[in-house]
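Asker:
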Amino acid sequence: MAKIGFIGTGIMGHPMALNLQKAGHSLFLSAHHDPAPADLITAGAVALANPKEVAQEAEFIIVMVPDTPQVDDVLFRADGVAAGVSKGKVVIDMSSISPTATKAFAAKINEKGAQYLDAPVSGGEVGAKAATLSIMVGGDADAFERALPLFQAMGKNITLVGGNGDGQTAKVANQIIVALNIQAVAEALLFASKNGADPAKVREALMGGFASSKILEVHGERMIKGTFDPGFRISLHQKDLNLALAGARELGINLPNTANTQQVFSTCAAIGGSNWDHSALIKGLEHMANFSIRDK
Numbered sequence: 008m009a010k011i012g013f014i015g016t017g018i019m020g021h022p023m024a025l026n027l028q029k030a031g032h033s034l035f036l037s038a039h040h041d042p043a044p045a046d047l048i049t050a051g052a053v054a055l056a057n058p059k060e061v062a063q064e065a066e067f068i069i070v071m072v073p074d075t076p077q078v079d080d081v082l083f084r085a086d087g088v089a090a091g092v093s094k095g096k097v098v099i100d101m102s103s104i105s106p107t108a109t110k111a112f113a114a115k116i117n118e119k120g121a122q123y124l125d126a127p128v129s130g131g132e133v134g135a136k137a138a139t140l141s142i143m144v145g146g147d148a149d150a151f152e153r154a155l156p157l158f159q160a161m162g163k164n165i166t167l168v169g170g171n172g173d174g175q176t177a178k179v180a181n182q183i184i185v186a187l188n189i190q191a192v193a194e195a196l197l198f199a200s201k202n203g204a205d206p207a208k209v210r211e212a213l214m215g216g217f218a219s220s221k222i223l224e225v226h227g228e229r230m231i232k233g234t235f236d237p238g239f240r241i242s243l244h245q246k247d248l249n250l251a252l253a254g255a256r257e258l259g260i261n262l263p264n265t266a267n268t269q270q271v272f273s274t275c276a277a278i279g280g281s282n283w284d285h286s287a288l289i290k291g292l293e294h295m296a297n298f299s300i301r302d303k
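Convert by adding 7 to the 1-based position in the sequence shown; the result is the number in this note's numbering.
1) Name the DSSP beta bridge partners of Ala54, please?
2) Following the continuous alpha helix (DSSP H) through Lys115, name the residue where it begins and the one where it ends.
3) The ligand MN and Ala207: does the residue's C-beta get closer than 6 Å to at least one heavy atom of that ligand?
4) Across the segment 270-283 and the segment 230-243, are there enough close Cβ pairs to call them in contact, namely three or more that are closer than 8 Å?
5) Can a CB atom of chain D be found closer than 7 Å to the CB of Gly17?
6) In the DSSP assignment, the beta strand (DSSP E) including Val1 goes from what residue to what residue?
7) Report the three-state DSSP secondary structure of Asn188 (helix, strand or coil).
8) Please report the distance separating the alpha-carbon of Lys119 from that of Leu288.
9) Check the C-beta distance from Ser286 over to His226 and give it rounded, since I have them as a contact under 8 Å.
10) Exposed or buried, Gly259, counting other C-beta atoms within 10 Å across all chains shown (16 or more means buried)?
11) Beta carbon of Asp125, beta carbon of Asn164: below 7 Å?
12) Looking only at C-alpha atoms, which of Gly12, Ser220 and Val70 sits nearest to Val53?
13) Mind checking who Val144 pairs with in its DSSP beta bridge?
14) Based on the DSSP secondary-structure assignment, which residues constitute the bridge partners of Val271?
15) Nearest-angstrom Cα distance between Met161 and Ser33?
16) Tell me whether the beta-carbon of Lys208 lies closer than 7 Å to the beta-carbon of Phe298.
17) Suppose contacts are defined by Cβ-Cβ distances below 7 Å. Is Gly130 in contact with Thr139 by that definition?
18) Among residues of its own chain, excluding the 5 on either side of Met8, which ones have a beta-carbon nearer than 7 Å to its beta-carbon?
19) The beta strand (DSSP E) spanning Gly12 covers which residue range?
20) Going by the beta-carbon positions, is the gap between Ala186 and Leu248 smaller than 7 Å?
21) Can you tell me where the alpha helix (DSSP H) holding Val225 begins and where it ends?
22) DSSP three-state call for Ile231: helix, strand or coil?
23) Counting Cβ pairs closer than 8 Å, one from the segment 106-115 and one from the segment 151-158, do we hit at least three?
24) Per DSSP, what kind of secondary structure is Phe67 in: helix, strand or coil?
25) Quick one: using the 10 Å Cβ neighbour count with 16 as the cut-off for buried, is Ala193 buried or exposed?
26) Determine which residues share a DSSP beta bridge with Asp205 and list them.
In structure tokens form, the structure reads like this:
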């Protein structure tokens, strides 16, 4: 069993850490930002003052925070992970952040003699709780093999995509596909409802054909019922699409549908929906149409 530092025990990180603990691993948590969750401490986790102390105690250090600046801070603040790592340790960033920044972070950690994996996840809070996350990994194959038992305690579909940054690139690609699928389902249900059809029955019919998808199954139902508690917040999906669009500018390519979906998310944010589940993208379309599929 491994000694694991886990930094970032929020909506996703908390159940991920709990699953590692259930698998028999020892946890070390940092209380530099928020107090360590009581249930993890009660079950044997050790709370330390800062990421440096966590990195000194643990063999693997997992980071699961919202965005690139937070990863930068956790790793490279004065009492950060980089100040505590040494040869033989593995730093695993499971946040969803910039692929370009990831490559720079990995180089700095490698200079300390440690190894670095970027391993963002897909599957949301439900997948985190059920230990069924998809995990997209970038880094050296030997570090991946060492970390694989940890990933298997948190997820099911685990893929070494390539070198550092490639895991984050795969996650950005994932978020493009998810966002565009959400918009497709939302537009279809809005069209059907405005045309007089029952959107619940339309969804039921579409589930049996080529249009069937996990988004239609799960988020389509949320759209019809109006259950928009996160989940995965619109603000976080906006962050991920910003990474996609910034990357597209760096590469000199155009992602027109990604840009369009980001604009609809921005409409949601403008009407107070930054913290809604991303399935609430339909509310941005409904706002523009002055029509709701639930008010019939």
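Just so you know, even glycine gets a beta-carbon here, dropped at the ideal spot from N, CA and C.
Answerer: With the structure as the only source:
1) Within the sequence shown, numbered from 1, the residue matching residue 54 stands at position 47. In the DSSP secondary-structure assignment, Ala54 is bridged to Leu36.
2) Within the sequence shown, the letter at position 108 stands for residue 115. Segment Pro106 to Glu118, the alpha helix (DSSP H) holding Lys115.
3) As for the ligand MN, it is missing from this structure, which has no ligand bound.
4) Because the criterion of three Cβ pairs below 8 Å is met, the segment 270-283 and the segment 230-243 touch.
5) In summary, chain D is missing from the structure at hand, where a single protein chain is found.
6) An answer regarding residue 1 cannot be provided, because it is not within the stretch 8 to 303 covered by the chain.
7) Counting from one through the sequence shown, the residue named residue 188 turns up at place 181. Per DSSP, reduced to three states, the secondary structure at Asn188 is helical.
8) For the purposes of this step, residue 119 is identified with residue 112 of the sequence shown, where counting begins at 1. For the purposes of this step, residue 288 is identified with residue 281 of the sequence shown, where counting begins at 1. If you take the alpha carbons of Lys119 and Leu288, they lie about 43 Å apart.
9) As a working note, residue 286 is residue 279 in the sequence shown. As a working note, residue 226 is residue 219 in the sequence shown. Contact flag correct, Cβ pair sits at about 4 Å.
10) One-based indexing of the sequence shown puts residue 259 at position 252. Gly259 comes out exposed.
11) In the sequence shown, the residue the question calls residue 125 occupies position 118. In the sequence shown, the residue the question calls residue 164 occupies position 157. The answer is no: Cβ separation not under 7 Å.
12) Taking the first residue of the sequence shown as position 1, residue 53 is located at position 46. The residue with the shortest Cα to Cα distance from Val53 is Gly12.
13) To locate residue 144, count along the sequence shown from 1; it is residue 137. DSSP output for Val144 lists Leu167 as bridge partner(s).
14) Counted from its first residue, the sequence shown places residue 271 at position 264. Answer by DSSP bridge pairing: none, since Val271 is not bridged.
15) In the sequence shown, the residue the question calls residue 161 occupies position 154. In the sequence shown, the residue the question calls residue 33 occupies position 26. Cα to Cα, the separation comes out at about 15 Å.
16) The residue labelled residue 208 in the question sits at position 201 within the sequence shown. The residue labelled residue 298 in the question sits at position 291 within the sequence shown. Cβ distance not < 7 Å, so Lys208 and Phe298 don't count as in contact.
17) On the sequence shown, residue 130 is found 123 positions in, with the first residue counted as 1. On the sequence shown, residue 139 is found 132 positions in, with the first residue counted as 1. Closer than 7 Å, so yes.
18) Residue mapping note: residue 8 aligns to position 1 of the sequence shown, counting from 1. Only Gly31, His32 and Ser33 meet the Cβ criterion.
19) By 1-based counting over the sequence shown, the position of residue 12 is 5. Looking at the DSSP string, the run of the beta strand (DSSP E) that includes Gly12 is Lys10 to Ile14.
20) Position 179 of the sequence shown, counted from the start, is the residue given in the question as residue 186. Position 241 of the sequence shown, counted from the start, is the residue given in the question as residue 248. Cβ distance < 7 Å, so Ala186 and Leu248 count as in contact.
21) The residue you call residue 225 lines up with position 218 of the sequence shown. Counting along the chain, Val225 falls outside any alpha helix (DSSP H), and DSSP gives it neither H nor E.
22) Here residue 231 corresponds to residue number 224 of the sequence shown, with the count starting at 1. Secondary structure at Ile231: helix, using DSSP grouped into helix, strand and coil.
23) The segment 106-115 is not in contact with the segment 151-158.
24) As a first step, residue 67 must be located in the sequence shown, where it is residue number 60. Correct three-state label for Phe67: strand.
25) Taking the first residue of the sequence shown as position 1, residue 193 is located at position 186. Burial check for Ala193: the Cβ neighbour count within 10 Å reaches 16 or more, so the residue is buried.
26) Within the sequence shown, numbered from 1, the residue matching residue 205 stands at position 198. Beta-bridge annotation (DSSP): Asp205 is not paired with any residue.
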